[in-house]
Amino acid sequence: MNTIPFFIADIWQGLLKGHGLVNLQGDRLRLEIQVVDSLTGLVKIKHLVHEAPLSDVASISMRSYLHGLYNVLSVQGTRMDVFSGFPRARGGRCRLRIARRDRQNCVAFVQHFATVKAAEPLLAAA
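Position 25 of the sequence shown, counted from 1, bears residue number 24 in numbering that gives the first Met the number 0, the numbering being contiguous throughout.
Right, here's the structure in full:
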């Protein structure tokens with residue numbers, strides 16, 4: 000099971016930032032984030048855990064910019080409220096920034112999600 004660390008900048012008009020983990024746990028996608036102040040990073044504002052069933056996740060894709068220096072993992076939900084309450088989630092989509100050193104693990108995570116999602120109708124039919 001792959002666990003990918005991510006970063007979200009510019010939470011609440013740039014006063015907060017967040018570091019977290021995304022992973023697949025059985026039939027659920029788990030997003031966990033620690034929100035801290037962006038000046039020092041010492042004041043922990045809140046710790047959020049958001050789980051979504053894989054049936055509510057339409058797609059997961061990764062895109063690289065600037066020759067792999069800037070990587071974004073996009074998680075698209077099937078409804079607008081799938082990621083409600085998660086920082087910077089808009090229109091049923093979460094955009095998570097991935098560090099350069101975690102790029103290969105992120106590619107493997109996206110491929111693993113695709114295989115799990117492709118096997119999902121077979122599990123539902125059984």
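Here a beta-carbon is modelled for each residue, glycine too, at the ideal position from N, C-alpha and C.
Member of the options whose CA lies at the smallest distance from the CA of residue i
i, options, result
"Tyr69", "Leu14, Gly19, Arg92 and Ala98", "Ala98"
"Trp11", "Phe85, Gln110 and Thr114", "Phe85"
"Lys43", "Leu72, Thr114 and Lys16", "Lys16"
"Ile59", "Gly13, Asn22 and Leu14", "Asn22"
"Ile7", "Val71, Cys105, Asn1 and Val106", "Val71"
"Gln75", "Asp55, Glu119, Gln103 and Arg92", "Arg92"
C-beta contact flag for residue i and residue j at 7 Å
i, j, result
"Gln33", "His49", "no"
"Asp80", "Pro4", "no"
"Glu31", "Leu41", "no"
"Arg94", "Ser63", "no"
Unbroken beta strand (DSSP E) run spanning residue i, endpoints
i, result
"Leu30", "Arg27 to Asp36"
"Ala51", "Lys43 to Pro52"
"Asn1", "Looking at the DSSP string, Asn1 is not in any beta strand (DSSP E), and its letter there is neither H nor E."
"Gly17", "Leu15 to Gln24"
"Gly91", "It is not in any beta strand (DSSP E) - Gly91 carries neither H nor E in the DSSP assignment."
"Gly40", "No beta strand (DSSP E) holds Gly40; DSSP gives it neither H nor E."
Cβ distance (whole Å) where residue i is taken to contact residue j below 8 Å
i, j, result
"Pro52", "Asp26", "6 Å"
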